[in-house]
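Take a look at the structure below.
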Amino acid sequence: MKSSLSALAMFAAVVTLFGALWLAIGNTSDWFLPNLGLWLAAWVLGLGNVLVLLLNVLRWRFCGAPSWLLGIMGLQALPAAVCLGILGYGAYGMWRDSQVTVKVVRIDDAIVADDPQRLTQAQAACGALCAARLSLNEQLLRAAEDGSSRVADQLIRQTARVSSDLGQPERDERTCDGLYLVGLNALSIAAARNDLRMVRLMWPVSDTGSRRRALWTAAQTDHLAMVQWLVGAGVPLSIRGDILDENNTLLVAAASGAAVHVGQWLIESRHMPVDAILEGPDPYTGTAPVWALFMFMSEVGVTHEAVDLLRLLAAHGADVDVRERQGDSPLEEAVRLGQKRIARLLLNAGANPARLDAAQRAAMDKLLSQPDEVPYDGRPSPNCIVAHDAAPVGVSATAGP
Numbered sequence: 002m003k004s005s006l007s008a009l010a011m012f013a014a015v016v017t018l019f020g021a022l023w024l025a026i027g028n029t030s031d032w033f034l035p036n037l038g039l040w041l042a043a044w045v046l047g048l049g050n051v052l053v054l055l056l057n058v059l060r061w062r063f064c065g066a067p068s069w070l071l072g073i074m075g076l077q078a079l080p081a082a083v084c085l086g087i088l089g090y091g092a093y094g095m096w097r098d099s100q101v102t103v104k105v106v107r108i109d110d111a112i113v114a115d116d117p118q119r120l121t122q123a124q125a126a127c128g129a130l131c132a133a134r135l136s137l138n139e140q141l142l143r144a145a146e147d148g149s150s151r152v153a154d155q156l157i158r159q160t161a162r163v164s165s166d167l168g169q170p171e172r173d174e175r176t177c178d179g180l181y182l183v184g185l186n187a188l189s190i191a192a193a194r195n196d197l198r199m200v201r202l203m204w205p206v207s208d209t210g211s212r213r214r215a216l217w218t219a220a221q222t223d224h225l226a227m228v229q230w231l232v233g234a235g236v237p238l239s240i241r242g243d244i245l246d247e248n249n250t251l252l253v254a255a256a257s258g259a260a261v262h263v264g265q266w267l268i269e270s271r272h273m274p275v276d277a278i279l280e281g282p283d284p285y286t287g288t289a290p291v292w293a294l295f296m297f298m299s300e301v302g303v304t305h306e307a308v309d310l311l312r313l314l315a316a317h318g319a320d321v322d323v324r325e326r327q328g329d330s331p332l333e334e335a336v337r338l339g340q341k342r343i344a345r346l347l348l349n350a351g352a353n354p355a356r357l358d359a360a361q362r363a364a365m366d367k368l369l370s371q372p373d374e375v376p377y378d379g380r381p382s383p384n385c386i387v388a389h390d391a392a393p394v395g396v397s398a399t400a401g402p
């Protein structure tokens, strides 16, 4: 047994040394992380040392050991203790994180259930460990996602706020049509869900940037009643851009979501210009509503609302051949991407094929001669928001108190 333990200890020591040496000096430049080989080499040495020490202890316990082996074991003890201490601390951290995760899930469950009393109990059980993981502002955002107005009211009384500052909680959402809404705060999520009750609840604790983003989002998702409420509540209709000052009007927001009802109201009732803004707070030319609508059709699809909005813009004199910052026109881009239906719609709306060069004209003729695409199968509730479980949430505004 003595010889076997000695041989195993020697073998483990040799494998550890050669393995660590290979990791340390080998070519690991294309690995996932820089210096990963050195880190792995250190861990191989540490764990290998623990294994060799264990074998030496077994030899000493059952077979006795000479003084030189006891000296080696003494030298091995400190690095082994450090290695085991690091492993133990990591295991404790993982256990603690798992406990926090369980408590955070209970807070989430209370928010989904819209149960203030249950939320209070879950918050108390979570304690200070949850503060960094799930702030009150983050909880308010989750309440907005789930339409949990009673929980939201309690969180606001607990000093939760909606802020447009950097580092504040935000979410990316997707409409039922497939449009992605990026960087939404709690107020914008409520606006996207057309949840007027929640918007009214969070309105007093939201800053100017959050309100501005909410109006932009409501326009994108074609919630006309929500847009009108936000404008009536004081958000200026003259904003340029959703977050930063740009030359993009609210009609650009509506066009980027094929929001025909909001678009019609902005054009016919508020007389918003149908073409790009050339001069404004931003040095760059603004996006033309026609171009924003073309991007929606390219990325999401040719919805019935997009067709109606394109006709509306053209009827009010919008330049269908507008070029995006010295780039291609929508028709040129549609031909380049092989999007027959969009090209046909643009031509019907007044796009001038004479502006295409000979190669583009030939490509357009070839594209238009191809079989028709399958038409878009519209839904009765466009621009609703897909919930976390992929089920659409309601699209009608809640009146609220």
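Each residue of the sequence shown is one higher than the one before, counting from 2 in this note's numbering. Even for Gly, the Cβ is constructed at its ideal location relative to N, Cα and C. Remember, predicted model here, so these are calculated numbers, not experimental data.
* To do: Please confirm whether Ala219 and Met227 have their CB atoms less than 8 angstroms apart.
  => Start at 1 with the first residue of the sequence shown, and residue 219 comes out as number 218. Start at 1 with the first residue of the sequence shown, and residue 227 comes out as number 226. Yes, the Cβ-Cβ distance between Ala219 and Met227 is below 8 angstroms.
* To do: Compute the distance between the beta-carbons of Ala13 and Gly72, then report whether it is under 8 angstroms.
  => Here residue 13 is taken as the residue at index 12 of the sequence shown, counted from 1. Here residue 72 is taken as the residue at index 71 of the sequence shown, counted from 1. Going by C-beta atoms, Ala13 is not nearer than 8 angstroms to Gly72.
* Asked: Looking at Ala259 and Thr222, is the spacing between their C-beta atoms short of 8 angstroms?
  -> Numbered from 1 along the sequence shown, position 221 holds the residue referred to as residue 222. Numbered from 1 along the sequence shown, position 258 holds the residue referred to as residue 259. It is not a contact, given that the beta carbons lie outside the stated cut-off.
* Could you check what DSSP says for Leu185 in three-state terms: helix, strand or coil? => For the purposes of this step, residue 185 is taken as the residue at position 184 of the sequence shown. In this structure, Leu185 counts as strand in the three-state DSSP scheme.
* Using the beta-carbon count (16 or more within 10 Å), is Gly86 buried or exposed? -> Here residue 86 corresponds to residue number 85 of the sequence shown, with the count starting at 1. Its Cβ having fewer than 16 others within 10 Å, Gly86 is exposed.
* Could you name each continuous beta strand (DSSP E) segment of 3 residues or more that falls completely within the region 149–233, going from the start of the chain to the end? => Runs of the beta strand (DSSP E) lying entirely within the region 149–233, each at least 3 residues long, are 172–175, 181–185 in chain order.
* Straight-line gap, Pro381 to Val275 (C-alpha atoms, nearest Å) -> Residue numbering aside, residue 381 sits at position 380 when the sequence shown is read from its first letter. Residue numbering aside, residue 275 sits at position 274 when the sequence shown is read from its first letter. For Pro381, the predicted model reports a pLDDT of 43, less than 50, meaning its position is unreliable and no value from the coordinates is stated.
* Asked: From this set, Leu137, Gly184, Leu142, which residue's C-alpha is nearest Ala161's C-alpha?
  -> The residue you call residue 161 lines up with position 160 of the sequence shown. Answer by Cα proximity: Leu137.
* **Residues bridged to Ile386 [DSSP beta-bridge criterion]** => By 1-based counting over the sequence shown, the position of residue 386 is 385. BP columns for Ile386 point to Thr176.
* Asked: Considering only C-alpha positions, which residue in the set Gln122, Ile108, Ala133 is nearest to Ala144?
  -> Residue 144 sits at position 143 when you count from the first residue of the sequence shown. When only C-alpha atoms are compared, the closest one is Ile108.
* Output the boundary residues of the alpha helix (DSSP H) element that contains Leu238. => Walking along the sequence shown from the start, residue 238 turns up at place 237. Run containing Leu238: none; DSSP gives neither H nor E here.
* Asked: alpha helix (DSSP H) containing Ile268: first to last residue?
  -> Residue numbering aside, residue 268 sits at position 267 when the sequence shown is read from its first letter. Its alpha helix (DSSP H) spans residues 261–269.
* To do: Figure out for me which residue from Ala364, Gly339, Asp116 has the closest Cα to the Cα of Asp154.
  => Your numbering for residue 154 matches position 153 in the sequence shown. Ranking the options by Cα distance to Asp154, first place goes to Asp116.
* **Whether Met203 touches Leu188 by CB criterion (8 angstroms)** => Your numbering for residue 203 matches position 202 in the sequence shown. Your numbering for residue 188 matches position 187 in the sequence shown. In this structure, Met203 sits near Leu188, with a CB-CB distance shorter than 8 angstroms.
* I think Ala191 touches Met199, with their Cβ atoms under 8 angstroms apart; what is that distance to the nearest whole Å? -> As a working mapping, residue 191 is identified with position 190 in the sequence shown. As a working mapping, residue 199 is identified with position 198 in the sequence shown. At roughly 4 angstroms, the Cβ-Cβ gap stays under 8 angstroms, so Ala191 and Met199 are in contact.
* Asked: Would you call the CB atoms of Ala256 and Leu310 closer than 8 angstroms?
  -> Stepping through the sequence shown from its first residue, residue 256 is reached at position 255. Stepping through the sequence shown from its first residue, residue 310 is reached at position 309. In terms of Cβ geometry, Ala256 and Leu310 form a close pair [threshold 8 angstroms].
* To do: On a CA-only basis, which of Glu333, Arg356, Ala344, Gly281 is nearest Glu247? Give me that one, please.
  => By one-based count along the sequence shown, residue 247 stands at place 246. If we check each option's Cα against that of Glu247, Gly281 comes out closest.
* To do: Give me the Cβ distance between Ala123 and Lys104, rounded to the nearest whole Å; I'm assuming they're in contact under 8 angstroms.
  => Residue mapping note: residue 123 aligns to position 122 of the sequence shown, counting from 1. Residue mapping note: residue 104 aligns to position 103 of the sequence shown, counting from 1. The pair is a contact, with the Cβ atoms about 7 angstroms apart (cut-off 8 angstroms).
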